[in-house]
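Protein chains in written order, with full-length UniProt numbering: chain A, 1 to 426; chain B, 1 to 426; chain C, 1 to 426; chain D, 1 to 426. I have placed the structure first, in the form of structure tokens, so that the comments after it can refer back to it.
4 protein chains.
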Amino acid sequence: MLSEINNVFARRESNVRSYCRSFPVVFDKAEGSHIWDESGQQYIDFFAGAGALNYGHNNPEMRDKLIEYLTLSSISHSLDLHTAAKQSFLELFESSVLRPRQLPHKVMFSGPTGTNAVESALKIARVATGRQRIAAFTNGFHGMTLGALAATGNSYNRAGAGCNLPDVDRYPFDGYLGKDVNTVDLIARLIDDPSSGYDAPAAFLLETIQAEGGVNAASSEWLQSLAKLAKRVGALIIVDDIQVGCGRTGDFFSFEMADIQPDLVCLSKSISGYGLPMALVLINPEIDALQPGQHNGTFRGNNLAFVTASHALSYWQDNAFSTAIKQRTEQTTTALDGIVAMSGGEFKRRGRGMIQGLVCPSADIANAISETAFRHGLIIETCGAYGEVVKLLPALNIPSDVLAQGLSILKDCSLANTTIGQAITG
Amino acid sequence: MLSEINNVFARRESNVRSYCRSFPVVFDKAEGSHIWDESGQQYIDFFAGAGALNYGHNNPEMRDKLIEYLTLSSISHSLDLHTAAKQSFLELFESSVLRPRQLPHKVMFSGPTGTNAVESALKIARVATGRQRIAAFTNGFHGMTLGALAATGNSYNRAGAGCNLPDVDRYPFDGYLGKDVNTVDLIARLIDDPSSGYDAPAAFLLETIQAEGGVNAASSEWLQSLAKLAKRVGALIIVDDIQVGCGRTGDFFSFEMADIQPDLVCLSKSISGYGLPMALVLINPEIDALQPGQHNGTFRGNNLAFVTASHALSYWQDNAFSTAIKQRTEQTTTALDGIVAMSGGEFKRRGRGMIQGLVCPSADIANAISETAFRHGLIIETCGAYGEVVKLLPALNIPSDVLAQGLSILKDCSLANTTIGQAITG
Amino acid sequence: MLSEINNVFARRESNVRSYCRSFPVVFDKAEGSHIWDESGQQYIDFFAGAGALNYGHNNPEMRDKLIEYLTLSSISHSLDLHTAAKQSFLELFESSVLRPRQLPHKVMFSGPTGTNAVESALKIARVATGRQRIAAFTNGFHGMTLGALAATGNSYNRAGAGCNLPDVDRYPFDGYLGKDVNTVDLIARLIDDPSSGYDAPAAFLLETIQAEGGVNAASSEWLQSLAKLAKRVGALIIVDDIQVGCGRTGDFFSFEMADIQPDLVCLSKSISGYGLPMALVLINPEIDALQPGQHNGTFRGNNLAFVTASHALSYWQDNAFSTAIKQRTEQTTTALDGIVAMSGGEFKRRGRGMIQGLVCPSADIANAISETAFRHGLIIETCGAYGEVVKLLPALNIPSDVLAQGLSILKDCSLANTTIGQAITG
Amino acid sequence: MLSEINNVFARRESNVRSYCRSFPVVFDKAEGSHIWDESGQQYIDFFAGAGALNYGHNNPEMRDKLIEYLTLSSISHSLDLHTAAKQSFLELFESSVLRPRQLPHKVMFSGPTGTNAVESALKIARVATGRQRIAAFTNGFHGMTLGALAATGNSYNRAGAGCNLPDVDRYPFDGYLGKDVNTVDLIARLIDDPSSGYDAPAAFLLETIQAEGGVNAASSEWLQSLAKLAKRVGALIIVDDIQVGCGRTGDFFSFEMADIQPDLVCLSKSISGYGLPMALVLINPEIDALQPGQHNGTFRGNNLAFVTASHALSYWQDNAFSTAIKQRTEQTTTALDGIVAMSGGEFKRRGRGMIQGLVCPSADIANAISETAFRHGLIIETCGAYGEVVKLLPALNIPSDVLAQGLSILKDCSLANTTIGQAITG
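The structure is reproduced here in structure tokens:
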């Protein structure tokens, strides 16, 4: 625990700091799916940098590449200049990701945060279509800068803008009106109705699985019908694959199972593989509309990230990694279904691939589970409109036994927070 | 030069890429103020990562710290959790920067790009004051995400938004109405006049030296009168010290010479010391208005950057570095004044500290100088409303002889582009 | 028909003129529910100034009052000064309308067009609540100035703004999601969900019967549930009763049947009784938030309108007029149901009171009916998202035989445009 | 004075009412430049309906035409249908106003308030140019609906919006930076500078004499240089001639003396001649960009106003009226210059034609003059950013002796409020 004396965080860090309040220790070391605090206490990490550590902490092969790169005085910072490290990354990204999926897309290095990638995609969509409004979805989460924030559902975050957040239409996500309703029908009706007040947007911006919004997974059918509608009304599809891309669902992109081809894809978080700041936008060349230098930024050439990102792509040269992710997914699903069953239906399970949510009866219970888990050596966060969902986001290469260990802690902490569990321990 | 065959940049990188078009080689290695391309060609770097490399490329002491940190499996990615590396940085920043300058400010890690820092500062200013409009200045440059872009003067960049950029009032910067006019008088009149259409803003957002805008340096008097006006009308002062902070002017902050205390300060670029993505906002604790988690982001805990940033702060523990910067400044100024004199007044000099501009009669001439310089082994960029200013932005620790060498190349390339120079060579 | 030679309308009137294109004659005289063109051709008027002539054209008693007022040199134009004519109107409005309905509301003369009244109501709602966003409904129609236009559904009209139309959320009106769905449930869910992207608005702005939007009548239950929701979330209710107030539904206000008390009510069109420009906003005194002079306008004191408006209020001193309207409504409904039946279900009937719509299979058919009717001496317009609804809007005091005559023409023109009718005449 | 008992205005009129607070009596009759309250007290009217009564109250010839029109059951309300009365007006407007000035403009009946006309002009300018931003001026006043309000300088009025007022750039009006500065030079510089943050607007919206803003008259040179700039940068000129058109300056349009041809002209107030609600926009046919029905409104066909407006045009068939106005102007100017001289320079005179301002040392003094004048039988209002200007706006056909009488009252009341006057009476 943090000593009250000489606590520079309390003294000098802004009030806006957040996760560190839930996990009030000072972390020091990390390897794979483990993390240690200053006192040597070990934790299993089911949070994984909010999805930025799909390949675990301090992946040893990436670390070796990094150290080698640094040692050779290879260029570290390069704006958007050509560098050998960037060239390697682009070539590998082309051969491992784009070509096998027949994606003609160009790559834009947008500035190394997810919100920069979303902002870039919005700009391209608006300039390319000449339309101003963006269609976003209930419970969507896209970032904290003004353009991305306007498309974010969370009212607490939006209130942080302190100003008008313009030019966004908000539609119900898949499942929002009940599982029997395809909300795309309503969206289509609103857009087709010339008197509804809704016009065809520049683009639909969506996560295929809403992570912060509560682990809401869209179905393939919904994604396909949305893509079809977009095409019909001249709107683009922007998939914000920042949290659920880079293998989180078992495929490299989260939308592969739906067999759609988005016009724009935002990647960040795990794209560098090592948790280093990096983000990019994939752009269908037909709408590569920004002029040279029209969007810029200092850290678009983070070569250390290119080095680790290039190594991360080696995971995608065959199906082995995908297969392993699917095994972990099965293990996770089985465990969660067990918890749900043992809870007598008080909990529910949600999600797809290695992003799953345990939906609790209340935010209080979800928080209690997260807090108890932390005391028992498991780092796990909550999400959802009310914070009522415990979100499982382990590294994709978490060893099966560590995963089992974490799931076991989660089971104990969850069941202790059921009505029966409370009655016993209360 | 880049081979046309198998050029992955042309094939797969977005049209928006820019600097790489001016310097069309593949860079590979870098040390201090030198950089090498794939073919082994060496260049002197007067661009320094657009101000992100104030301590030079691959600073060897920082590199050693980085390698040590990596080797020990210290935590690399940590969201906004407490880490030992972040704690070190905060403690050193407090003792080396904040305390000696009696700044009570809190530190917000805003997301590791300059535009994230600006967006954060704007949010805080709006929430803290309850006002929506931000006052920005002619020729100001603040970033490419929607909120920061709205405050950016450049029309080419703003056109990239493809939508409305709201809630900004634009005022003339120091000198815009001629050197005898203190534009703060006009600003005060507009704000005081209840029928002018201008209301008191949430904040004035400014660079003390407009870098992209053409190396326009505000005077101490102007900054002081603006600070006074802001205080009187209940507006905050946000100094965007992203490009000209971190020692660029000889002091750590660019506003120290004016003896003002901004409510909010944005730092990025050279704050990590090594060109790694990092940004922060300094916040007067009285207006630390965002609630926990109201602004967030994945890469706010870039521990590799904290490690190098901590080392960079060692430069500020006594006056030696400041003194050295002032010597380099004198060397630069003398050289530029020489060029101006030899040009028969066709060029002019502008700037302060180690950001100086050679103002050319036209953008064509500025571009010609930059291009010729590159062919002669000097990387130097242009800026200004029309791109008419050659901007000198070398590393602050550039050895005197390398600086001399670069200035000599610049002199030759510049004079070759005067009327007389053209007459001789033309 | 208009002579091509010397047609000053074509030569000098703006392209935006519209109704005159559907009824291309020059009108000259009018009495009650009849109107004559220059050639002496008589028409029955089922359009009634788009609802501005509920008491018929040139109501003789009002005309006499007007002539008397003019003859006496009573004041005609008075800005917002006190005048005897305004005093009379206010006293009568209080005694005939407000007191009997226990409405504590204040009266604001907003400027004499409906859109001015809507703009005023929006301003009051925003200032009173401190919230910026207004909730408007699919197919709503509220006016052509920027604030009102932002709340208007029609995309053709909104495109006329040529700019961003901000600060409106759009919800589905009663019946939009099918007759079994109470859309207020969805609205409540979106507002209650802190992550939906929808926040509680300053006000809900609605017509109880959407006139331009296609004669869509909200049910009492829907209005009540909306009023309840508004109260719960701190939002105001603004009823735009411009087209369907002033007796159109049988009661003075259209919302009386639902027994709700809106915070703000907009009246215009028939409030003057004689088709003279006049508009007002009723304001619950608790939210009478605009300061003296904060909203102004030159023609708020149209005393000629006060004179005729005062006389119009005499219709509301007992129930006789209401009863008569209900009889006309029955006559209209019966006739329309007959048309629907005879059409074999190709047409449908919609509406309430003396605003009814004959829903046609297409806009082409609706237009054909309107055109044919005009040739047969009946003026009747179309409305709806696609212009697919023939809208009946006769004067409320139309003599029963004239109503019958008009309905008979409508029947003939409608049936001629059914499939069978077309087959016969085709 | 208004009895406290049974004061329906206090009881039922909204708090926003304003002029009636300055002149707290109930007015009853009016003829020419005189007005009487209920008690029979007579006042000379130097306010003239804020410029809506250029031809005086209840002009007897217009009244006769009105009564005749009403008696004949001619059509009163006609939406935008063709009527004989509208045809007459258009033909006379063409022959008396447009043709003699070689104006090719089309006429749009925008809805019968000035703000409707301004909103229409803004829409046309935006749609015709494809640009969103409007350039407005310090101290400009254009109306109270959202689009027009955004262009209005007055902060008290703008605060009444309760929301964001977007898409307006604000420039200094003629004289704002001192009489030696042509502010068009600054405007040109800002627009030409691609990095100033100011882009070429859709249109410049201006009053040639800012009435509410304090009787600030632009010079011909300024207007010409602005028109030239507008043409160069592809922006339109919109002259809001609502208060100072229709003869106020001696010519029909206020801009005639500058020999410029605006693309759009807004007229209202005195266009009907009798104070009846009417407004129109003149549109250069090359930019007549709104589609049929894209802007609409119920009261665009106020035929009573067409009747009196047609008669008003008879004043403009030769130069007699212009000449008479110039005589009255001279009489007024001489009297005001006398007051200024006698005040020892405490007052100043401003204005052009029959809109003149007596600039007082403070708003308190201006208010005191207006209040005292009212007690002495003269109605006169204040204007300006602080309300510091007493504004003379008599009817244009005010008899010379009545004008003299009013000016004499004004002289006495003004001088009583000079330092010396106060010393004597104080």
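We put the beta carbon where it would ideally sit given N, CA and C, even for glycine. As the structure is a computational prediction, the values presented were derived from the model and not from experiment.
- Each residue's CA atom was taken as its position, placing Ile420/B and Lys411/B some 14 Å apart.
- The secondary-structure analysis by DSSP pairs Glu31/D across a beta bridge with His34/D.
- For the options Glu371/B, Ile339/B, Thr372/B, the alpha carbon positioned closest to that of Gly357/B is the one of Ile339/B.
- From the beta-carbon of Phe27/C, the residues of chain D found nearer than 8 Å are Ile75, Ser78, Leu81, His82, Thr83, Ala84.
- Classified as buried, Arg352/B has 16 or more neighbouring CB atoms from the shown chains inside 10 Å of its CB.
- Counting the other Cβ atoms within 10 Å of the Cβ of Ile44/B gives 16 or more, which makes it buried.
- With respect to Arg17/D, Pro292/C sits close: the two C-beta atoms are nearer than 9 Å.
- For a cut-off of 8 Å, the C-beta gap from Thr115/A to Thr138/A is around 20 Å, too long to register as a contact.
- Out of Val25/A, Trp36/A, Ser220/A, Ile283/A, the CA that lies nearest to the CA of Glu256/A is found in Ser220/A.
- Here DSSP, grouped into helix, strand and coil, assigns Thr138/B to coil.
- One finds Val16, Tyr156, Asn157, Ala159, Gly160 in chain A with Cβ atoms closer than 8 Å to the Cβ of Gln294/B, taken in chain order.
- Runs of the alpha helix (DSSP H) lying entirely within the stretch 108-158 of chain C, each at least 4 residues long, are 114-129, 146-150 in chain order.
- When 8 Å is used as the limit between beta carbons, Arg126/D is near these residues of chain C: Ala161, Gly162, Cys163, in chain order.
- For the pair Gly297/D and Val281/C, the Cα-to-Cα distance works out to about 17 Å.
- As for any alpha helix (DSSP H) of minimum length 4 sitting wholly inside the stretch 399-424 of chain D, the runs are 400-415, ordered along the chain.
- Taking a contact as a CB-CB distance under 8 Å, the pair Ile287/B and Leu229/B does not count as one, their CB atoms being some 18 Å apart.
- Collapsing the DSSP output to three states places Val26/D in a strand.
- Residue contact with chain A for Pro112/B: present (Cβ-Cβ distance below 9 Å to some residue of chain A).
- For Phe89/D, the uninterrupted alpha helix (DSSP H) segment begins and ends at 84-93.
- Put simply, the CB of Phe204/A is far from chain C, with every gap to its CB atoms at 9 Å or more.
- Runs of the alpha helix (DSSP H) lying entirely within the stretch 202-247 of chain A, each at least 4 residues long, are 220-233 in chain order.
- For Ile187/B, no beta strand (DSSP E) run applies; the uninterrupted alpha helix (DSSP H) run containing it begins and ends at 183-192, by DSSP.
- Pro112/B places its beta carbon 9 Å or farther from that of Pro399/A.
- Gly197/A is positioned such that its CB atom lies closer than 9 Å to that of Arg170/C.
- Going by beta carbons, Ala289/D and Ala135/D fall outside the 9 Å limit.
- Any Cβ of chain D closer than 9 Å to the Cβ of His57/C would place that residue at the interface, and such an atom is present.
- Between Arg170/A and chain C, the shortest Cβ-Cβ separation is below 9 Å.
- Each of Leu72/B, Glu91/B, Thr71/B was checked against the Cα of Phe9/A, and the nearest Cα belongs to Glu91/B.
- Distance from the CA of His57/A to the CA of Ser314/A, rounded to the nearest whole angstrom, comes to 17 Å.
- Residues of the same chain with a CB within less than 6 Å of the CB of Val25/D, apart from the 5 flanking positions on each side, are Asp37 in chain order.
- When beta bridges are read from the DSSP output, His77/B appears opposite Asn302/B.
- For Arg101/A, the three-state secondary structure derived from DSSP is coil.
- Between Val168/C and Ser225/C, the beta carbon gap of about 21 Å keeps them out of contact (Cβ cut-off 8 Å).
- Asn319/C sits exposed, since fewer than 16 C-beta atoms from the chains shown fall within 10 Å of its C-beta.
- Judged by DSSP in its simplified three-state form, Lys391/A adopts strand.
- Interface annotation, Thr115/A: in contact with chain B, CB-CB separation under 9 Å.
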